[in-house]
Amino acid sequence: KIRTQKEFKHIQATALLDSNLNLINFFNKNSLSFEKIIENKTGKTEFTNWVKLLFAGKGDAEIHLSAQLTGSTSLKISFSGFNTEKSMICLTIESEDYKDNNSNQVKGLQFNKNILNSIPADIVFWNMDHQYIFLNENAMKNADLRKWIIGKNDFEFFQYRNKPVEMALKRRETFNRVITSGEPAYLEEHFKTSNGDFHHLRILQPITDFEDHIEWVLGYSIDISSIKRIESRLLKMNLAVEEAMDGIAVLNEKSEYVYVNEAHVKMFGYTNPEDFLGNTWHMLYEKEEISRIENNIFPLIAKNGRWAGETKGKSKDGKTLYQEITLTSLPDGGLVCICRDKTEYRENKDRIQTAEIIVDNINSIIMITDPNLKIQWVNNAFEHITGYTLNEVIGKHPGFLHGPETDKEVVKAFSKKLKQGNPCSAELLNYAKDGSKYWIQINVTPLYDENNKLKSFISV
Numbered sequence: 002k003i004r005t006q007k008e009f010k011h012i013q014a015t016a017l018l019d020s021n022l023n024l025i026n027f028f029n030k031n032s033l034s035f036e037k038i039i040e041n042k043t044g045k046t047e048f049t050n051w052v053k054l055l056f057a058g059k060g061d062a063e064i065h066l067s068a069q070l071t072g073s074t075s076l077k078i079s080f081s082g083f084n085t086e087k088s089m090i091c092l093t094i095e096s097e098d099y100k101d102n103n104s105n106q107v108k109g110l111q112f113n114k115n116i117l118n119s120i121p122a123d124i125v126f127w128n129m130d131h132q133y134i135f136l137n138e139n140a141m142k143n144a145d146l147r148k149w150i151i152g153k154n155d156f157e158f159f160q161y162r163n164k165p166v167e168m169a170l171k172r173r174e175t176f177n178r179v180i181t182s183g184e185p186a187y188l189e190e191h192f193k194t195s196n197g198d199f200h201h202l203r204i205l206q207p208i209t210d211f212e213d214h215i216e217w218v219l220g221y222s223i224d225i226s227s228i229k230r231i232e233s234r235l236l237k238m239n240l241a242v243e244e245a246m247d248g249i250a251v252l253n254e255k256s257e258y259v260y261v262n263e264a265h266v267k268m269f270g271y272t273n274p275e276d277f278l279g280n281t282w283h284m285l286y287e288k289e290e291i292s293r294i295e296n297n298i299f300p301l302i303a304k305n306g307r308w309a310g311e312t313k314g315k316s317k318d319g320k321t322l323y324q325e326i327t328l329t330s331l332p333d334g335g336l337v338c339i340c341r342d343k344t345e346y347r348e349n350k351d352r353i354q355t356a357e358i359i360v361d362n363i364n365s366i367i368m369i370t371d372p373n374l375k376i377q378w379v380n381n382a383f384e385h386i387t388g389y390t391l392n393e394v395i396g397k398h399p400g401f402l403h404g405p406e407t408d409k410e411v412v413k414a415f416s417k418k419l420k421q422g423n424p425c426s427a428e429l430l431n432y433a434k435d436g437s438k439y440w441i442q443i444n445v446t447p448l449y450d451e452n453n454k455l456k457s458f459i460s461v
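Dropping the structure here:
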């Protein structure tokens with residue numbers, strides 16, 4: 002090495018010439034051109050004469066030239082030595098402006114210290130060895146620690162503060178990416194303090210000289226803790242929406258789906274949200290229902306901002322789908338739709354209503370009692386035959402219909418079977434409200450719930 006490693010950083014180039022002044026080799030550290038160094042006529046003549054004197058053993062150890070170089074106008078060319086036969090000479094070429102420029106840059110950095118300290122962000126500068134050369138007060142509020150860290154790296158700092166070395170490794174990796182690529186790099190850090198959890202986004206930016214060589218690396222950070230908290234809440238909300246049993250969809254101002262959750266997809270018999278995205282809600286309704294929604298429901302949404310009610314849609318396979326639906330308008334003209342499948346409920350309700358019509362119009366008495374044989378419900382035929390209304394008999398035991406001539410032994414045997422929870426039948430003589438007697442053929446069936454627990458008795 003012509004210079005020590007530390008000094009070598011200051012060397013711009015080395016040149017190897019033969020005795021005829023032909024360039025044999027040129028080590029270009031900082032993108033210099035050898036021809037650029039001696040491009041002007043005066044400089045070239047002075048340089049040529051100096052080298053000839055060196056080969057003759059009479060030249061000075063160094064020469065100073067003025068060259069037209071970006072970022073460097075004064076060069077020192079020094080004699081480094083001959084080869085053994087003195088057929089080649091080695092020269093070193095250095096920028097005399099290096100020390101002055103570096104000093105001026107550092108002074109400039111110090112001059113702007115007050116400006117850097119006034120910026121409400123963490124700002125640091127590193128040299129090419131990833132050592133701290135400046136930190137503003139926001140980056141490190143402790144003045145003694147801020148002074149101590151100058152010239153040190155993150156590994157030393159983390160060891161001093163008993164912090165995990167993994168974070169220092171990630172910072173070094175990020176720093177190296179900047180040096181290698183010459184592009185900014187980003188690092189997100191999470192740490193805990195007595196004041197809570199914090200997230201910082203660190204940005205590392207290369208700072209170059211006039212020749213686009215990286216001299217420093219600027220680092221600054223942004224506190225993104227509030228953004229991360231919002232992000233966390235949004236993720237939880239999104240999870241809740243996806244796991245919701247109700248179908249949830251968002252439509253844009255063109256009535257096109259831009260979001261549907263899993264429940265909405267499955268409700269209509271589809272398997273993929275992509276089947277909805279970009280399509281309108283018309284895909285789920287027949288023409289008659291589309292017309293009702295557009296003409297009757299949309300005006301109410303425009304007036305009140307929301308609407309709730311029932312709609313009749315269709316599944317992928319064409320089956321009718323009854324929905325309990327809530328539509329809410331968005332500021333951008335879109336809609337949020339929350340729907341619940343009411344098809345089974347609607348079908349059960351229809352069946353119950355049909356059954357009630359049949360039961361109310363049948364000529365046979367129908368009675369429902371609880372497990373303790375307290376009357377819960379009777380049909381119209383009961384009221385017609387006995388003369389008692391539903392309100393008069395609710396909560397009573399059917400035995401109140403028995404009279405003096407009712408066979409007690411038949412009643413006793415009948416009651417025993419009921420207590421055992423078994424179906425049973427009998428012929429009984431009962432008495433109406435007006436005292437008249439009537440014979441009945443009664444059949445009782447116990448009803449059990451899903452846990453095989455007696456729920457009620459139905460008597461016909």
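Under our numbering, the residues of the sequence shown are numbered 2 to 461, in order.
The beta-carbon is built from N, C-alpha and C at its ideal position, and this holds for glycine as well.
Arg203 and Ile291 have their C-alpha atoms spaced approximately 53 Å apart. In this structure, Trp217 places its C-beta atom within 8 Å of the C-beta atom of Ile208. Going by beta carbons, Cys340 and Leu252 fall outside the 8 Å limit.
Distance from the CA of Lys255 to the CA of Ile298, rounded to the nearest whole angstrom, comes to 17 Å.
Secondary structure note for Phe156: its alpha helix (DSSP H) is the uninterrupted segment 155-161.
Your pair Pro274 and Val261 checks out as a contact, with CB atoms roughly 5 Å apart and the cut at 8 Å. In the DSSP assignment, Phe383 falls within the unbroken alpha helix (DSSP H) covering 381-387. The bridge partners DSSP lists for His201 are Glu190, Asp224. By the C-beta density criterion, Asp155 is buried, having at least 16 other C-beta atoms within 10 angstroms. Pro274 has no beta-bridge partner at all, per DSSP.
In this chain, Met284 is not harboured by any beta strand (DSSP E), its DSSP state being neither H nor E. Between Ala433 and Gly400 a beta carbon distance of about 15 Å is seen, past the 8 Å cut, so the two are scored as non-contacting. Spatial neighbours of Thr329 in its own chain (CB-CB distance under 6 Å, excluding positions within 5 residues in sequence) are listed in chain order as Arg307, Val337. Comparing alpha carbon positions, the residue from Pro424, Leu430, His398, Gly422 closest to Val411 is Leu430. When Cβ pairs closer than 8 Å are counted between the two stretches, the segment 364-381 is seen to touch the segment 450-461, the count reaching three or more. His131 has its alpha-carbon roughly 8 Å from the corresponding atom of Arg173. Lys313 is bridged by DSSP to Tyr323.
In the three-state scheme derived from DSSP, where H, G and I count as helix and E and B as strand, Pro300 is classed as helix.
Residue environment for Trp127: buried (at least 16 other C-beta atoms within 10 angstroms of its C-beta).
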